[in-house]
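S.K.:
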Amino acid sequence: MYKKILAFIVLTFLVLVGCADGQEKFPTASITKEMEEALGTDIVIPNLDGYQINYAEIQNPPVFEGKPLGDRQVATITYTKNRGKLVELTDKQKEAIENANERKILFGEFKGERLVTLEVSNYEVLQADSETKKIEGILVDYSFKESEDGGRFEFYAINLEGVSYVFTVTPSDDNDPLELVKSVIRQIKQ
48 MYKKILAFIV LTFLVLVGCA DGQEKFPTAS ITKEMEEALG TDIVIPNLDG YQINYAEIQN
108 PPVFEGKPLG DRQVATITYT KNRGKLVELT DKQKEAIENA NERKILFGEF KGERLVTLEV
168 SNYEVLQADS ETKKIEGILV DYSFKESEDG GRFEFYAINL EGVSYVFTVT PSDDNDPLEL
228 VKSVIRQIKQ
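If you use this note's numbering, the sequence shown closes out at 237, no skipped numbers anywhere.
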């Protein structure tokens, strides 16, 4: 009898843990598909070891007099080391944010410091004041900025046929921006 009760408790615990974990997983396939449809091209949403996605959106072209200005679309994905709780928005708040900013929120936002921001676009990106390096066989534009509070941000832009990837990385003791970019390039090339 004792073994049956213990087995039931363990099984119940595993089911609950499995359900809780599923609520926070990033729905990669469905969001990739939606982003690809918006951008009109295939893209890769990279998996960054040690990071979790805490936000994803599609930013549409600005609208003037009811018409979009151009056809540039940007898919934005942000990553954090420690994703917190979901920032709850009412449908009305979400609609107001999306309408005011010509965007569609696809995932999140969860609490957690944004350490990596990836913007994928259907337009080529040109970075001012950047150097060009070959990383993993791909030309990458690189630049960095220092903030007034002593922080540093590194920018990497990769232009491929019909799609660009721009990374903004906040370097820290436990991440190496160059290694993150190498990892992403390897995933894109697969």
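Don't be surprised by glycine CBs; every beta carbon is placed ideally from N, CA and C.
Taking 8 Å as the cut-off, does the stretch 215-235 touch the stretch 196-203 (at least 3 CB pairs, one atom from each stretch)?
M.R.: Judged by Cβ distances under 8 Å, the stretch 196-203 makes contact with the stretch 215-235, as three or more pairs qualify.
S.K.: With a CB to CB cut of under 7 Å and the five nearest residues on each side skipped, what residues in its chain are close to residue 118?
M.R.: Contacts found: 108.
S.K.: Which full runs of the beta strand (DSSP E) of 3+ residues lie inside the stretch 113-159, going along the chain?
M.R.: List check, beta strand (DSSP E) in window: 121-127 and 150-155.
S.K.: Along the alpha helix (DSSP H) that carries residue 75, what are the first and last residues, could you check?
M.R.: First-last of the alpha helix (DSSP H) with residue 75: 75-86.
S.K.: Here's the rule: buried if 16 or more other CB atoms are within 10 angstroms of the residue's CB, otherwise exposed. What is residue 85?
M.R.: So residue 85 counts as buried.
S.K.: Just how far apart, CA to CA, sit residue 230 and residue 138?
M.R.: C-alpha separation (whole angstroms): 37 Å.
S.K.: Between residue 111 and residue 102, what straight-line distance do the alpha-carbon atoms span, to the nearest angstrom?
M.R.: Those two C-alpha atoms are separated by around 27 Å.
S.K.: May I ask which residues mark the beginning and end of the beta strand (DSSP E) holding residue 168?
M.R.: Residue 168 -> beta strand (DSSP E) spans 163-168.
S.K.: Going by the CB atoms, is the gap between residue 190 and residue 211 shorter than 8 Å?
M.R.: Not in contact: residue 211 and residue 190 (Cβ atoms no closer than 8 Å).
S.K.: Could you pull the start and end residues of the beta strand (DSSP E) that residue 72 belongs to?
M.R.: No beta strand (DSSP E) holds residue 72; DSSP gives it neither H nor E.
S.K.: Would residue 106 pass as a contact of residue 123 if the rule is Cβ separation under 8 Å?
M.R.: Yes, they are a contact pair.
S.K.: Going by beta carbon distance, what residues of the same chain come within less than 8 Å of residue 95, once the five residues before and after it are set aside?
M.R.: Contacts found: 126, 163, 227, 230 and 231.
S.K.: Would you report the Cα separation of residue 89 and residue 83, rounded to the nearest angstrom?
M.R.: Computed Cα separation, rounded: 5 Å.
S.K.: Determine, using beta carbons only, whether residue 154 and residue 132 come nearer to each other than 8 Å.
M.R.: No. Outside cutoff.
S.K.: Could you tell me the distance, in whole angstroms, from the CA atom of residue 207 to the CA atom of residue 97?
M.R.: Distance between the alpha carbons of residue 207 and residue 97 is about 26 Å.
S.K.: Can you pull the DSSP bridge partners for residue 216?
M.R.: Answer is 163 and 201, bridged to residue 216.
S.K.: For residue 207, which three-state DSSP category applies?
M.R.: Looking at residue 207 - three-state DSSP - the assignment turns out to be strand.
S.K.: Taking buried to mean at least 16 other C-beta atoms within 10 Å of its own C-beta, is residue 113 buried or exposed?
M.R.: So residue 113 ends up on the exposed side.
S.K.: Roughly how many angstroms lie between the CA atoms of residue 192 and residue 175, to the nearest whole one?
M.R.: Each residue's Cα considered, the two are about 12 Å apart.
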